[in-house]
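Residue numbers (the working numbering): -18 to 279.
From the three backbone atoms N, C-alpha and C, an ideal C-beta is built for every residue, glycine too.
Since the structure comes first, as structure tokens, the remarks are kept for the end.
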Amino acid sequence: MHRNLLRGLVVLIIAGWACAAPVPTASPATRTAFVETASAIAPTTETVTVEATAPPLSFAISILVDLDSESVPAEGLAIALEEASTLLLERTGFVFTLLEVVEGRPTDSIGPWVSDYLSGKAPPIPNGVVVFSYGEHDFARSRGGYSFNIPAPAGFVNAFVSPVAGGRSVYVAVLHWGHRFGACGYDESGNLVSEVAIDGQCRNQPGTTCTTHNGYSMCSNVVDDPYASTPTYFVAANFVHEFLHPFGLYLNYDHYGTAECREVMGWGSEWVFSDAEASYWLNMCPYVYDNFRASYRP
-18 MHRNLLRGLV VLIIAGWACA APVPTASPAT RTAFVETASA IAPTTETVTV
32 EATAPPLSFA ISILVDLDSE SVPAEGLAIA LEEASTLLLE RTGFVFTLLE
82 VVEGRPTDSI GPWVSDYLSG KAPPIPNGVV VFSYGEHDFA RSRGGYSFNI
132 PAPAGFVNAF VSPVAGGRSV YVAVLHWGHR FGACGYDESG NLVSEVAIDG
182 QCRNQPGTTC TTHNGYSMCS NVVDDPYAST PTYFVAANFV HEFLHPFGLY
232 LNYDHYGTAE CREVMGWGSE WVFSDAEASY WLNMCPYVYD NFRASYRP
């Protein structure tokens, strides 16, 4: 399945870049890899325009799928990764490059599972690892995702140097594949029990009507939100959001609109929160994107 996924990704995301042949590995999965070349793009705080003749720089990722949580469909993953690459490219001039997809069942917590994967992986080592999982204590399942960093394998220096973690780390984004943005009428077990919002749903507007959108029951007051624009946009945006966190200085306080964000950005007392701007920056403070670009040290 994943060989077909990667073939599709080559066409969808990085057409024209060179593909390496599949290489066999030990259980639990078969790895398929490819490599690419790219040239530099100047940092900017605005949307980045990339010349068609110059392939963009890339942030290489591997994807681990925790089968004890849920499976991830190949076609949907291809679409989500294409969307995520586009979002990252527009804001930084970089794209995501997929090295491989590995399915498995962690015997311990997620951190050791990722470490074991990296220690047994032949080069190239990814800059970051996406883990599709419910997460520790179901945290990704309840919140959509979270991130952390782990020590890199011996001898590996990450080309993206976090101002907090340094360059001897690999960045990890734990994402819930099946997360329902703006879910409406579901109970804590995921059963649809109401035709209107309950338990603080729909931006804490009780009684908001539920409507079918993107294949599930969604709050009618969010169907026009960019995060509801496609079935995979939420998880694609979370690719970017969670990998950006290590490049901020204030962890959870690096979200758009926090006091720390406003201070760094120089937004004065007259600043007004903008839903459109928050959505564009994927709910991260804009300065973090500048840090991400500046962190690249090949």
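Between which two residues does the beta strand (DSSP E) harbouring residue i extend?
| i | result |
| --- | --- |
| residue 106 | Careful: residue 106 lies outside any beta strand (DSSP E) and carries neither H nor E. |
Pop quiz: residue i and residue j are said to be a contact at Cβ under 8 Å. What is the actual Cβ separation, rounded to whole angstroms?
| i | j | result |
| --- | --- | --- |
| residue 276 | residue 142 | 5 Å |
| residue 231 | residue 246 | That belief does not hold up - the Cβ atoms of residue 231 and residue 246 are roughly 12 Å apart, past 8 Å. |
| residue 114 | residue 155 | 6 Å |
| residue 215 | residue 109 | Actually they do not touch by this definition, with Cβ atoms about 19 Å apart. |
| residue 72 | residue 49 | That pair is no contact at about 33 Å. |
| residue 241 | residue 127 | Not really, about 18 Å apart at Cβ, beyond 8 Å. |
| residue 278 | residue 140 | 6 Å |
| residue 62 | residue 77 | 6 Å |
Considering only DSSP beta bridges, list what residue i is partnered with.
| i | result |
| --- | --- |
| residue 190 | 177 |
| residue 78 | 41 |
| residue 203 | For residue 203, which the question treats as bridged, DSSP gives no partner whatsoever. |
| residue 238 | In DSSP, residue 238 forms no bridge with anything. |
| residue 84 | 46 |
| residue 304 | Residue 304 is absent from the model: the chain starts at -18 and stops at 279. |
| residue 277 | 141 |
Would you call residue i buried or exposed, if buried means 16 or more other Cβ atoms sit within 10 Å of its Cβ?
| i | result |
| --- | --- |
| residue 52 | exposed |
| residue 189 | buried |
| residue 178 | buried |
| residue 122 | buried |
| residue 135 | exposed |
| residue 95 | buried |
| residue 13 | Bear in mind that the predicted position of residue 13 carries a pLDDT of just 29, short of 50, making it unreliable; the figure below should be weighed with that in mind. So residue 13 counts as buried. |
| residue 64 | buried |
| residue 111 | buried |
| residue 37 | buried |
| residue 26 | Only weak support exists for where residue 26 lies, its pLDDT of 43 falling under 50; the value from the coordinates is given anyway. With fewer than 16 other Cβ atoms within 10 Å, it is exposed. |
| residue 8 | Residue placement at residue 8 is poorly supported in this model, since its pLDDT is 29, which falls under 50; the coordinates still yield a value, given next. Residue 8 comes out exposed. |
| residue 107 | buried |
| residue 226 | buried |
| residue 234 | exposed |
| residue 46 | buried |
| residue 252 | exposed |
| residue 274 | buried |
| residue 59 | buried |
Taking residue i as part of the alpha helix (DSSP H), name the residues at either end of that continuous run.
| i | result |
| --- | --- |
| residue 263 | Looking at the DSSP string, residue 263 is not in any alpha helix (DSSP H), and its letter there is neither H nor E. |
| residue 97 | 91 to 100 |
| residue 195 | Here residue 195 belongs to no alpha helix (DSSP H), and DSSP marks it neither H nor E. |
| residue 211 | Residue 211 -> no alpha helix (DSSP H), and no H or E assigned at all. |
| residue 61 | 55 to 73 |
| residue 184 | 182 to 185 |
Ranges of the beta strand (DSSP E) found wholly within the region 114 to 172, counting only runs of at least 3 = 126 to 132 and 150 to 156
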